[in-house]
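>
Numbering (my numbering), first residue to last: 8 to 468.
(1) Looking only at its chain, what residues have a beta carbon closer than 8 Å to the beta carbon of residue 313, apart from the 5 residues adjacent to it on each side?
(2) So is residue 109 buried or exposed if we call it buried at 16+ other beta carbons inside 10 Å?
(3) Which runs of the alpha helix (DSSP H) at least 4 residues long sit entirely within the segment 401 to 436? Give them in chain order.
(4) Suppose only complete runs of 3+ residues qualify. What are the beta strand (DSSP E) ranges in the segment 175 to 260, listed by chain order?
(5) Compute the distance between the beta-carbons of residue 398 and residue 385, then report whether it is under 8 Å.
(6) For residue 350, does the three-state DSSP call read helix, strand or coil?
(7) Considering just the uninterrupted stretch of the alpha helix (DSSP H) at residue 106, what are its terminal residues?
(8) Measuring alpha carbon to alpha carbon, tell me which of 334, 217, 270, 394 ends up nearest residue 377.
(9) For the beta strand (DSSP E) containing residue 16, list its first residue and its last residue.
(10) Going by DSSP, what residue range makes up the alpha helix (DSSP H) through residue 34?
(11) Does DSSP put residue 65 in a helix, a strand or coil?
(12) Classify residue 388: buried if its beta carbon has 16 or more other beta carbons within 10 angstroms, exposed otherwise.
(13) Taking the alpha-carbon positions, what's the residue 16 to residue 297 distance?
(14) What does a CB cutoff of less than 7 Å around residue 115 pick up in its chain, not counting 5 residues either side in sequence?
(15) If you draw a straight line from the C-alpha of residue 440 to the C-alpha of residue 322, how long is it?
(16) Tell me which same chain residues have a C-beta within less than 8 Å of the C-beta of residue 64, skipping the five on either side of it?
(17) Let me know if residue 273 comes out buried or exposed under the rule of 16 or more other beta-carbons within 10 Å of its beta-carbon.
(18) If contacts are defined as beta-carbon pairs under 8 Å, then residue 218 and residue 245 qualify, I think. What distance do you get, rounded to the angstrom?
(19) Spatial neighbours of residue 442 within its chain, please: CB distance less than 8 Å, with the 5 preceding and 5 following residues excluded, ordered by chain position.
(20) Among the residues of its own chain, which have a CB less than 8 Å from the CB of residue 241, if the five just before and after it don't count?
(21) Just tell me which of 105, 117, 100 has its CA closest to the CA of residue 88.
(22) How big is the Cα-Cα spacing for residue 411 and residue 417?
(23) Which stretch, first to last residue, makes up the alpha helix (DSSP H) that contains residue 78?
(24) Report the partner residues of residue 367 according to the DSSP bridge assignment.
(25) In whole angstroms, what separates the C-alpha of residue 295 from that of residue 301?
(26) Considering only their Cβ atoms, is the gap separating residue 436 from residue 234 smaller than 8 Å?
(27) Report the residue from 259, 356, 192, 315 whose alpha carbon sits nearest the alpha carbon of residue 325.
(28) Let me make sure I understand the geometry here. Which of 23, 32, 13, 27 has the alpha-carbon closest to that of residue 457?
(29) Terminal residues of the continuous alpha helix (DSSP H) containing residue 297?
(30) Exposed or buried, what is residue 429 when buried is set at 16 or more other beta-carbons lying within 10 Å of its beta-carbon?
(31) Rounded to the nearest angstrom, how far is the Cβ of residue 254 from that of residue 194, given a contact under 8 Å?
(32) Am I right that residue 463 and residue 230 are in contact with their C-beta atoms under 8 Å? What's the rounded C-beta distance?
(33) Could you check the C-alpha separation between residue 358 and residue 438 for me, to the nearest Å?
(34) Please classify residue 3: does DSSP put it in a helix, a strand, or coil?
(35) Considering only their Cβ atoms, is the gap separating residue 288 from residue 200 smaller than 8 Å?
(36) Could you work out which residue in 210, 55, 249 is closest to residue 225 when comparing CA atoms only?
Written out as structure tokens, the structure reads:
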């Protein structure tokens, strides 16, 4: 299959890591894979280094931005559309909000303008179609030659003769009574929901606008892939894609580095590097230091916990525009000696960071399904999380503690329970590891994604 993935930017983030794992594994399985993305602007770091020496191709569209910028957005749409014309993929798979809108609108506008190389598209098997017509291949005639210059690509060969059933237009079909053989028009369009562009903390007008945009984009989507059941439920609750299929594919993690125990001397060296006592119980939070990530609730809980449990320390991993504000809050509460801010940590250092800690605390107010939760469990560490979005799909009483969002008292008590009881931490961590190993394996995710692709190309939903 020829597959094009489109994501807004390759910053340090769960959606980005998920997409890179997908591209890598699909290319290794023999598919022709291209990744289109924007520049990695901002303080969150970048993942472009992980695209080097891979079997897939990476193309940067400089105009693609996360923010709403009408002129750049239109230029980005134009370039993405031109790239898709040149690449002529079977599948366009979009990720993240902005790329999801631009990519789906661009891909849908090109539906039916090409077929896969040398192949006819199997017609949809519709109940009631006479056996003589079942399995008959339908070919869509080649659309207008719309190749764009200056994009740095050699035009790919077009499908020539359509000697079988010639169909024109996006809705062309052959009928038998009330039934129809519906052709599969390439590219088919798949969108992954890693998180939602709308949420209850938005301005109401912005919330309604984003929901309306997502509804429009859903009409230009053949299939949705959610990173958590909660994402599907929230989209359907807002009337998004009610006539479209959804499936959950949990966001893959390269598991081996997390499952492999790191030698004790390296764990102690990490603690020494960050001036953390060897006998401390470390509560680690791995998240961008941005609004709605919930660090302020952790800081507030630490005021009480630090008095009750003098051996508790907190480790904030990540960067963002609230870093200075959080440092000031910690200083104001007199907790500077109990908090450590690491800044950005490369992805390959995340297993060390978690294994050098004892408890993962995640207090984001909006999240698809935070990758740090299963990452911590793979390391055998319990997780404490606000009960938002997909968190309850991995965190429960046997793997950690799930608490009401913004409830600092519950947060204090959950942390205190785990800080005080090492054997409980070990039991929860072991149960968590077993619960996520298969669910978050790369092959599990990519198998699900490819089954969606094949169903669409075979005319099944």
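Note that CB positions come from ideal geometry on N, CA and C, so glycine has one too.
Taking the geometry as given:
(1) Taking the first residue of the chain shown as position 1, residue 313 is located at position 306. For residue 313, where only same-chain residues beyond five positions count, the Cβ hits under 8 Å are 319, 342, 345.
(2) Within the chain shown, residue 109 is the residue found at index 102, counting from 1. Result: buried.
(3) 415 to 427
(4) 180 to 183, 186 to 189, 195 to 200, 230 to 233, 253 to 255
(5) Residue mapping note: residue 398 aligns to position 391 of the chain shown, counting from 1. Residue mapping note: residue 385 aligns to position 378 of the chain shown, counting from 1. Not closer than 8 Å, so no.
(6) Within the chain shown, numbered from 1, the residue matching residue 350 stands at position 343. Residue state, collapsed to three classes: strand.
(7) Working through the chain shown from its first residue, we reach residue 106 at position 99. Residue 106 -> alpha helix (DSSP H) spans 104 to 116.
(8) As a working note, residue 377 is residue 370 in the chain shown. For residue 377, the nearest C-alpha among the options comes from 394.
(9) Position 9 of the chain shown, counted from the start, is the residue given in the question as residue 16. Looking at the DSSP string, the run of the beta strand (DSSP E) that includes residue 16 is 9 to 16.
(10) As a working mapping, residue 34 is identified with position 27 in the chain shown. 21 to 35 is the span of the alpha helix (DSSP H), which, as asked, contains residue 34.
(11) Taking the chain shown and counting its residues from 1, one reaches residue 65 at position 58. Here residue 65 sits in strand by DSSP.
(12) Here residue 388 refers to the residue found at position 381 when the chain shown is read from its first residue. Its Cβ being crowded by 16 or more others within 10 Å, residue 388 is buried.
(13) The residue labelled residue 16 in the question sits at position 9 within the chain shown. The residue labelled residue 297 in the question sits at position 290 within the chain shown. Taking the Cα positions, residue 16 is about 17 Å away from residue 297.
(14) Here the question's residue 115 lines up with position 108 in the chain shown. Cβ neighbours of residue 115 beyond the five flanking positions: 196, 227.
(15) Start at 1 with the first residue of the chain shown, and residue 440 comes out as number 433. Start at 1 with the first residue of the chain shown, and residue 322 comes out as number 315. Spanning the two alpha carbons is a distance of roughly 22 Å.
(16) Locating residue 64 in the chain shown gives position 57, counting from the first residue. Closer than 8 Å at the Cβ level, and outside the excluded window around residue 64, lie 40, 41, 42.
(17) If you number the chain shown from 1, residue 273 lands on position 266. Residue 273 comes out exposed.
(18) In the chain shown, the residue the question calls residue 218 occupies position 211. In the chain shown, the residue the question calls residue 245 occupies position 238. Between residue 245 and residue 218 the Cβ distance is about 5 Å, and since that is below 8 Å, they are a contact.
(19) Reading the chain shown from its first residue, position 435 is the one you call residue 442. The residues are 384, 401, 405, 406.
(20) Start at 1 with the first residue of the chain shown, and residue 241 comes out as number 234. Contacts found: 203, 396.
(21) Along the chain shown, read from residue 1 onward, the residue named residue 88 stands at position 81. The shortest Cα separation from residue 88 among 105, 117, 100 belongs to 117.
(22) For this step, residue 411 is matched to residue 404 along the chain shown. For this step, residue 417 is matched to residue 410 along the chain shown. Cα to Cα, residue 411 sits roughly 7 Å from residue 417.
(23) In the chain shown, counting from the first residue as 1, residue 78 sits at position 71. Run containing residue 78: 77 to 94, per the alpha helix (DSSP H) assignment.
(24) The count along the chain shown starts at 1 and reaches residue 367 at position 360. Bridge partners of residue 367: 291, 390.
(25) For the purposes of this step, residue 295 is taken as the residue at position 288 of the chain shown. For the purposes of this step, residue 301 is taken as the residue at position 294 of the chain shown. Spanning the two alpha carbons is a distance of roughly 10 Å.
(26) Mapped onto the chain shown, residue 234 falls at position 227. Mapped onto the chain shown, residue 436 falls at position 429. Not closer than 8 Å, so no.
(27) Within the chain shown, numbered from 1, the residue matching residue 325 stands at position 318. Distances from the CA of residue 325 to each of 259, 356, 192, 315 were compared; the closest alpha carbon is that of 356.
(28) Position 450 of the chain shown holds residue 457. Considering only alpha carbons, the answer is 32.
(29) Locating residue 297 in the chain shown gives position 290, counting from the first residue. Looking at the DSSP string, residue 297 is not in any alpha helix (DSSP H), and its letter there is neither H nor E.
(30) Here residue 429 refers to the residue found at position 422 of the chain shown. Flag for residue 429 reads exposed.
(31) As a position in the chain shown, residue 254 is number 247, starting the count at 1. As a position in the chain shown, residue 194 is number 187, starting the count at 1. About 19 Å; that fails the 8 Å criterion.
(32) The residue you call residue 463 lines up with position 456 of the chain shown. The residue you call residue 230 lines up with position 223 of the chain shown. Between residue 230 and residue 463 the Cβ distance is about 6 Å, and since that is below 8 Å, they are a contact.
(33) Numbered from its first residue, the chain shown carries residue 358 at position 351. Numbered from its first residue, the chain shown carries residue 438 at position 431. If I take the Cα positions, the gap works out to 18 Å.
(34) Outside the shown range of the chain, which is 8 to 468, sits residue 3, and nothing can be said about it.
(35) As a position in the chain shown, residue 200 is number 193, starting the count at 1. As a position in the chain shown, residue 288 is number 281, starting the count at 1. The answer is no: Cβ separation not under 8 Å.
(36) Against the chain shown, residue 225 aligns to sequence position 218. Cα-wise, what sits closest to residue 225 is 249.
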